[in-house]
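Participant: Numbering (the working numbering), first residue to last: 16 to 294. For glycine and all other residues, C-beta sits at the position ideal for the given N, C-alpha and C.
#1: Just the Cα atoms here: how many angstroms apart are residue 280 and residue 289?
#2: Quick check on residue 284: buried or exposed, where buried means 16 or more other Cβ atoms within 10 Å of its Cβ?
#3: Three or more C-beta pairs under 8 Å: does that hold for the region 116-135 against the region 255-271?
#4: Does the region 215-233 touch the region 248-257, meaning 3 or more C-beta pairs lie closer than 8 Å?
#5: Is residue 292 helix, strand or coil when you go by DSSP?
#6: May I ask which residues mark the beginning and end of the alpha helix (DSSP H) holding residue 97?
#7: Pop quiz: residue 248 and residue 155 are said to be a contact at Cβ under 8 Å. What is the actual Cβ separation, rounded to whole angstroms?
#8: Alpha carbon to alpha carbon, what distance is there between residue 93 and residue 119?
#9: Could you give the residue range of the alpha helix (DSSP H) that holds residue 167?
#10: Out of 173, 165, 185, 172, which has the shortest C-alpha to C-alpha gap to residue 179?
#11: Please state whether DSSP places residue 88 in a helix, a strand or coil.
#12: Is the region 173-191 close to the region 97-107, with three or more CB pairs under 8 Å?
#13: Could you give the residue range of the alpha helix (DSSP H) that holds residue 193?
#14: Quick one: what's residue 250 bridged to in DSSP?
#15: Is the distance from the Cβ of residue 287 to the Cβ of residue 209 below 8 Å?
#16: Return the bridge partner residues of residue 214 from the DSSP annotation.
#17: With DSSP as the reference, label residue 117 as helix, strand or coil.
#18: Shortest alpha-carbon distance to residue 127 belongs to which of 245, 97, 194?
#19: Under the rule that 16 or more other beta-carbon atoms within 10 Å means buried, what is residue 223, buried or exposed?
#20: If you run the structure through DSSP and keep just helix, strand and coil, what is residue 81?
#21: Buried or exposed: residue 228, going by 16 or more other Cβ atoms within 10 Å of its Cβ?
#22: Hey, quick one: how far does the alpha helix (DSSP H) through residue 238 stretch, first residue to last?
#23: Have a look at residue 88 and residue 121 and give me their C-alpha separation to the nearest angstrom.
#24: By a C-beta neighbour count over all protein chains shown, 10 Å radius and 16 as the cutoff for buried, is residue 85 buried or exposed?
#25: From this set, 262, 225, 206, 258, which residue's C-alpha is nearest residue 242's C-alpha?
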């Protein structure tokens, strides 16, 4: 009976609504495909035109979540929020980028899901923490095993892009876990081999408004597992993680609907193991 309740609850929870200043920001996304920073490439005419624009609303700087929404969708807003010349480090080689070389960058605006990874103390309140002043957006390319990191700092009360780093997994402090997650998300056999014997399961019944908690066996995992992104995804790093920690809490969130799903992994001598699922 408990498992039946779990199935009904899990099937109805994936989408939820969220609010904020997002309706106030005009979507200026262009028609062409996704564009990343290209140091040796000059921008096209549409991206090189510098338009006079009013100062961004103050609400954009209260929370990073609201700021990044506008940054990914408005050319004017984006140009105002970059420190030029922008330091760029690729595989340990440092260069800088001038304002006229910048191309409008959508980061993960067109993605359905992004992730946040915590070091075990599940700080899911970080996105709503007004005291946060340093955040990195890591664009993870699982196919190439490369990471492009956009570093944002709150300077004089305004969020600014202050640096871009790019490196391989091997050069990243959490590259071991990224390599594991990539295979866990894409390989069902590997996934089954890295499940705890008893998986803590938590969900919420939106009919009874009650929290439901129980356990799943590895045999039941296939009925409850969420869709795990395994291609290219953004990780929002709030700068509070300890790479030496033996726990990773992975929060998968919808760009338009807030928190959706949380997976907790523990590391032992046998490697990483999934021990809890919440959605």
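Facilitator: Taking the geometry as given:
#1: 4 Å
#2: exposed
#3: yes
#4: no
#5: strand
#6: That residue, residue 97, is in no alpha helix (DSSP H); it is neither H nor E in DSSP.
#7: 5 Å
#8: 8 Å
#9: Not the alpha helix (DSSP H): residue 167 falls in the beta strand (DSSP E), residues 161-170.
#10: 165
#11: coil
#12: yes
#13: 190-201
#14: 130, 153
#15: yes
#16: 231
#17: coil
#18: 245
#19: exposed
#20: helix
#21: exposed
#22: 236-239
#23: 7 Å
#24: buried
#25: 206
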